[in-house]
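For the record, the sequence lines run as chains X and F. Note that this note's numbering has the first sequence beginning at 158, numbered continuously upward. Note that this note's numbering has the second sequence beginning at -10, numbered continuously upward. Note that CB positions come from ideal geometry on N, CA and C, so glycine has one too. Remarks on the structure that follows.
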Amino acid sequence: SQTIHQWPATLVQPVGSPLSLECTVEGTSNPNLYWYRQAAGRGLQLLFYSVGIGQISSEVPQNLSASRPQDRQFILSSKKLLLSDSGFYLCAWSVPYSNQPQHFGDGTRLSIL
Amino acid sequence: AQSVSQHNHHVILSEAASLELGCNYSYGGTVNLFWYVQYPGQHLQLLLKYFSGDPLVKGIKGFEAEFIKSKFSFNLRKPSVQWSDTAEYFCAVTSGDYGNNRLAFGKGNQVVVIP
Chain X
158 SQTIHQWPAT LVQPVGSPLS LECTVEGTSN PNLYWYRQAA GRGLQLLFYS VGIGQISSEV
218 PQNLSASRPQ DRQFILSSKK LLLSDSGFYL CAWSVPYSNQ PQHFGDGTRL SIL
Chain F
-10 AQSVSQHNHH VILSEAASLE LGCNYSYGGT VNLFWYVQYP GQHLQLLLKY FSGDPLVKGI
50 KGFEAEFIKS KFSFNLRKPS VQWSDTAEYF CAVTSGDYGN NRLAFGKGNQ VVVIP
């Protein structure tokens, strides 16, 4: 069966520090991968998605970037964190070219001090 | 771009009461529709989905949703809620190409069921 792992579960970082959040998927090949930010009362905002290795599409301009160095690995990064980057970040995957739903990881709670 | 509206962000009701959460989307073409649920401390999980066929779909835990194409709606219902239904509920609609399966989410409904 397929599983999705995100780490760390929680992270506290100072303003201006770098960021690296990792997401890996097991049990499937060539998945579509997604990074979302969830804010209370604002739902899920899609930040990035990827349909293949090295292919990244950005949905909104921001201080973050994403990379997909391997088929089932998706990384969310920043060179210098801002206070506004605080939030709950979710990774998800889906089967491309299908009607299958997206499956979500447990999320990372990021607090910027 | 697709947009999804969910009203009444906070819903408080008693056990055995009926629940209906509204969801409206903007794009009038072919869409796939989903309701996700997030229980306290847990990850987001699929409650039910609609792709085609019978517009009344049944999901887990006694939930159902009705797709009304003319109203661009996909409302979620449960006839009699339980305390364990306390959660946040998100409506989602496909918004991208078939290949990338992008979803547009509503802002969610925080539902609290009082025992």
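Three or more Cβ pairs closer than 8 angstroms define a contact, and the region 75 to 86 of chain F meets that threshold against the region 18 to 25 of chain F. Per DSSP, reduced to three states, the secondary structure at X/LEU204 is strand. Taking 8 angstroms as the CB threshold, X/LEU203 lines the interface with chain F. DSSP places F/LYS67 within a strand segment (E or B) once states are collapsed to three. F/LYS60 is classed as exposed because its beta carbon has fewer than 16 other beta carbons within 10 Å across all chains shown.
Below the 8 angstroms Cβ cutoff, chain X contributes ASN189, TYR206, VAL208, SER214 and PRO253 as neighbours of F/ASN89, in chain order. Counting only the Cα atoms, X/LYS236 lies some 44 angstroms from F/TRP72.
By the rule that beta-carbons nearer than 8 angstroms mark a contact, X/ASP228 does not touch chain F. At a cut-off of 8 angstroms, the C-beta of X/ASP242 has no neighbouring C-beta in chain F.
Straight-line measurement puts the Cα of X/ARG199 at about 16 angstroms from the Cα of F/GLN(-9). A Cβ of chain X is located within less than 8 angstroms of the beta carbon of F/GLY95. In the DSSP assignment, the residues bridged to X/GLN230 are X/THR181 and X/GLN227. Just measuring C-alpha positions, the residue of X/SER243, X/ILE210 and X/LEU221 sitting nearest X/ASP228 is X/ILE210. Sequence-ordered contacts of the region 3 to 27 of chain F with chain X read ASN21, PHE23, TYR25 and GLN27 [C-beta pairs closer than 9 angstroms]. Close to F/HIS(-4), with beta-carbon spacing below 9 angstroms, lies no residue of chain X; the smallest spacing is near 12 angstroms. Note on X/GLY262: 16 or more other CB atoms within 10 angstroms of its CB, so buried under the neighbour-count rule. In the assembly as shown, X/GLN212 is an exposed residue. Its beta-carbon has fewer than 16 other beta-carbons within 10 Å.
Between F/LYS47 and chain X, the shortest Cβ-Cβ separation is not below 8 angstroms. Residue-level contact check: X/ARG199 touches chain F, since one or more beta carbons of chain F fall below 8 angstroms from its beta carbon. For the pair F/PHE52 and F/LEU37, the CB atoms are nearer than the 8 angstroms cut-off. One thing to note: F/LEU10 has its Cβ no nearer than 8 angstroms to the Cβ of F/VAL70.
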